[in-house]
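Here the structure is laid out as structure tokens; the discussion comes afterwards.
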Amino acid sequence: MNESLTDPGILGLTEADKRAASAALLARIERESGRTPNLSSLDTWMRTAAHACRAELAERMNQCLRSDRQAKAKRVHYLSMEFLMGRALSNALAALGLETAFSEAACAAGRDPGAVLEREPDAALGNGGLGRLAACFLDSMATLGLPAFGYGLRYEYGMFAQRIHDGCQTEEPDDWLRDGNPWELHRPELRYRVGFGGRVVSDGPGRRWVPSEQLHATAYDFIVPGHGTRRVAVLRQWQAAPSEPIDYAAFSRGDHAAAGAAKQAAERINWVLYPDDSTTAGRQLRLRQEYVLVSASLQDLIARHLADHGRLTSLGDKAAIHLNDTHPALAVPELLRLLIDEHGMSWDAALAQCRQALSYTNHTLMPEALETWPLSMLEELLPRHLELIFQLNAWFLNTVRRSHPKDDAFVARVSVIDERGERRVRMAPLSIIASHRVNGVSQLHSELMVETIFADFATILPRRFCNVTNGVTPRRWLAQANPSLAGLLDQRLGTTPDWRTHLERLSELAPLADDERMRAEVLDAKLHNKKRLAELVRRELGLPIDPNSLFDVHIKRIHEYKRQLLNVLHVIARFQAICAAPEADWVPRTVVFAGKAASAYAIAKTIIRLIHDVARVVNSDPRVDGRLRVVFLPNYGVSLGEVLFPAADLSQQISTAGTEASGTGNMKFALNGALTIGTWDGATIEMAQAVGREHFFIFGLDAEQVSALRTQGYEPRTHYETEPKLKAVLDAITEGAFSPNETDRYRGLVNTLLNRDAYMLLADFADYLAAQERVDALYQQPDEWARHAILNIAGMGGFSSDRTIREYARTIWDMPVPG
């Protein structure tokens, strides 16, 4: 395997190659399992196929590392607390050109290839859009040929596995590593010390940290293949372990709990993504996780840089270090500490390298979601870092005072230290002042970011802020998730160049929206996917749903601002209308919800329970007679998403305008031919502009109107008093129509809407119902619905994560994109 990374001859396999690969896989299964392939279990098939792919990917990884070292290439280092990778086998088989060989080998042994793929658990390394975005980015970095490392933690139990008992969410460990992970490469030679606590001492002219507690972080590599290239990206995950396995003296005297305390404390780092931070212990654990991530990652990239370049004065020129939100913001003081304390740089030189290397993506407009840490906690766990934060803040505020003399209020607002009440370190300002670029993730989000939460910083650092709209990888979210539609695109667009790596080719579909045969084929592909989802719902929930009904899908993290509750209000209004006029010609509709609520988020968990209570009543009422179904699919993740996105007719993107940073689920839905009902928010705006607003169902207040209404004083109760349909819905909930055994169950939820309604559900309710009526009217015209669907697909060419990564490379990382 000596081909270059870009040699076109390696991008496809001959028929002889495929037969040889199939035979090699059969031989490998017998060698690894000790049984003939036809007697080997599906799990054995899955693991062996993964091992075969991993061996080839490891060879490609080593080739990439050698090539980059020889070229002294600049690398991206993408730091994120989560990477929602999903299953890897289908993706790897596609990237390696081994899909046919795998299928032929499985069939030859009497095994269903699809059943083998289903045996792989989702990698529980992420939770929501932030983590899935990071996973899409690694795919695109590899596909575009960018030398790249993702850095994360190796979570043993994910965030949690969501279970539903009597309509209520309960949380269980997601034990995805129970049988090992066939994809990871343990790298025991990559092992770094990480400290906590202790004190800071003077060491000649400088300062030196003496931790009181130390652990080790060891690397596990997950290789992400590029498509149409031998290039790969590496996701390097850290596993914490104690510096000494047990306290042998304590064990010998019978104090077994004390003997294992350090081991448990270290291993706890890797137990759970986003531990509940409602307790001091939970908050400390989160801080420890974030520091282990950044310390091990920075030590690793510095060691690699020194091996390649011999000196750290070129670090900022050769290493792009990207912070995916503020979770890795401790990279700022840790990089300064390593450069100054460990490698002898001056403050000015270290800060210059830091600001040249670091960049930061903001993912939220809500001030309460911007991470802060108490000074007391940082002083206890990371005392040297707190010193460096103070020093950096003093340097920054001195420059601010020169431009804003005597404006103490402005200085206080931009300070890294929040002096109000308990003194806290604000991680977003820390990331802003130490980075050379800060980006939002949609045009509206980036505009609002500099007009609201970071307005003061934008006045003094206007050129630091930019926009890079998010994207999704078409390899995972169309080619892999929707082979029916992908096959149709192959027929209509051809494969040279392949739309999978040149998504802009989707624009060629626009004229085909008027092609009757094309419309019929798109509807056939959609129906196939809807039947697949209907079978999953029947199998998992025992609930029959009609594939010919309109599949209305709302899958997101359960949160008030994402407004699943507004959707529920519409479902109740529709239910009441059907019961009032059962003889009417109702458009059959199946409303599907999926998503997790944070374990300590009481209101979000109440919304999940209300969804189940409404589903129980609606699905059992004979007056409805199947014209309305409500489904909640538990434990939403990537693999479930791969079934839901292709099956959806209608995509719910109904956040309060001005609250959704971007959204990538909206892109996945439209890419798979769903139409969007949504507010003028996030990336939905850019999607509607690309497709044509007339092909979207836009409703409700826009961001400016939301702001104006809040300024003048929003009175949600007036909507209740003047809108009969809304009153009937809220009264039914309040009176226990959906919770007859506990009539007061949702009284508090309704009172919150009537008295506060922070996310303006009641203000948008009437227009939301009107938009849903437009949805019904269009769905009754299948040919016209298909035309809109094709135009949506055709407009999605600009929302590939390949385009996103090209923009990052050009505007933020200062890296050429090969090819």
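In terms of our numbering, the sequence shown is residues 1066 to 1884.
All residues carry an ideal CB built from backbone N, CA and C; glycine is no exception.
Task: 8 Å CB neighbourhood of Gly1347 in its chain, flanking five on each side removed - done: Pro1340, Asp1341
Open item on the list: Cutting at 7 Å between CB atoms, please list the residues of its own chain near Gly1325, excluding the five before and the five after it.
Closed with: Ile1311
Task: Segments assigned alpha helix (DSSP H), at least 4 residues, entirely inside the region 1652-1729 - done: 1667-1685, 1703-1712
TODO: Rounded to whole angstroms, what's the CA-CA distance from Val1266 to Glu1445? Just pull it up for me.
DONE: 15 Å
Open item on the list: Check whether the region 1175-1192 and the region 1096-1115 touch, using three or more Cβ-Cβ pairs below 8 Å as the test.
Closed with: yes
Open item on the list: If you reduce the DSSP assignment to three classes, tell me which class Pro1102 lands in.
Closed with: coil
Task: Leu1736 vs Leu1577 beta-carbon contact at 8 Å - done: no
Open item on the list: Please list the terminal residues of the continuous alpha helix (DSSP H) segment that includes Ile1064.
Closed with: Nothing can be reported for residue 1064, as the shown portion of the chain is limited to 1066 through 1884.
Task: Rounded separation between Ala1298 and Met1126 - CA only - done: 8 Å
- [ ] Indicate the three-state DSSP secondary structure (helix, strand or coil) for Phe1864 in the structure shown.
- [x] helix
Open item on the list: For Asp1579 and Asp1848, I'd like the C-alpha separation in whole angstroms.
Closed with: 10 Å
TODO: Check whether the Cβ atoms of Leu1634 and Val1815 lie closer than 8 Å to each other.
DONE: no
Task: DSSP-derived helix/strand/coil call for Gln1128 - done: helix
- [ ] Could you check what DSSP says for Val1297 in three-state terms: helix, strand or coil?
- [x] strand
Task: Exposure of Val1471, with buried meaning 16 or more beta-carbon neighbours within 10 Å - done: Per the sequence presented here, residue 1471 reads as Lys, with Val not at that position. Exposed, by the Cβ-count rule.
Open item on the list: Between the alpha carbons of Gln1302 and Arg1258, how many angstroms are there, rounded?
Closed with: 15 Å
Task: Start and end residues, alpha helix (DSSP H) containing Pro1548 - done: 1548-1558
Open item on the list: Could you compute how far the alpha carbon of Met1825 sits from the alpha carbon of Trp1850?
Closed with: 30 Å
Task: Own chain partners of Ala1785 with C-beta closer than 7 Å, once the 5 adjacent residues on each side are dropped - done: Going by the sequence as given, residue 1785 is Tyr instead of Ala. Result list for Tyr1785: Leu1791, Lys1792, Leu1795, Leu1819, Leu1827, in chain order.
- [ ] Please report how far the alpha carbon of Tyr1143 lies from the alpha carbon of Ala1170, in whole angstroms.
- [x] 37 Å
Task: Boundaries of the beta strand (DSSP E) in which Leu1280 is found, first to last residue - done: 1278-1290
TODO: Return yes when the Cβ of Ala1755 is within less than 8 Å of the Cβ of Leu1509, no when it is not.
DONE: no
Task: Residue environment, Leu1371, which counts as buried when at least 16 other CB atoms sit within 10 Å - done: exposed
Open item on the list: Please identify the residue among Arg1565, Pro1247, Glu1164 whose C-alpha is closest to the C-alpha of Glu1097.
Closed with: Pro1247
Task: Reduced DSSP secondary structure (H/G/I, E/B, other) of Thr1071 - done: Note on Thr1071: pLDDT 47, under 50, position unreliable in the model; no value is reported.
TODO: From the DSSP output, in three-state form, read off Ala1174 for me.
DONE: coil
Open item on the list: Between the alpha carbons of Val1683 and Val1840, how many angstroms are there, rounded?
Closed with: 21 Å
TODO: Report buried or exposed for Lys1733, applying the criterion of at least 16 other Cβ atoms within 10 angstroms of its Cβ.
DONE: buried
TODO: Under 8 Å Cβ to Cβ from Ala1323, same chain only, skipping five residues before and after it: list those, please.
DONE: Asp1312, Ala1315
Task: Rounded straight-line distance, which links the Cα of Arg1868 to that of Leu1388 - done: 19 Å
Task: Three or more C-beta pairs below 8 Å linking the region 1660-1670 and the region 1611-1627 - done: yes
Task: Pair within 8 Å by beta-carbon distance, Leu1423 and Ala1396 - done: yes
TODO: Spatial neighbours of Thr1729 within its chain, please: CB distance less than 7 Å, with the 5 preceding and 5 following residues excluded, ordered by chain position.
DONE: Gly1194, Arg1197, Leu1198, Asn1535, Val1537
- [ ] Output the distance between the C-alpha atoms of Ala1599 and Ala1157, rounded to the nearest integer angstrom.
- [x] 28 Å
- [ ] Could you name the residues of the same chain whose beta carbon sits closer than 7 Å to that of Ser1804, not counting the 5 residues immediately before and after it, in chain order?
- [x] Asp1678, Arg1810, Tyr1811
- [ ] Round the Cβ separation of Val1476 and Leu1462 to the nearest angstrom and send it over; I've been treating them as touching at under 8 Å.
- [x] 6 Å
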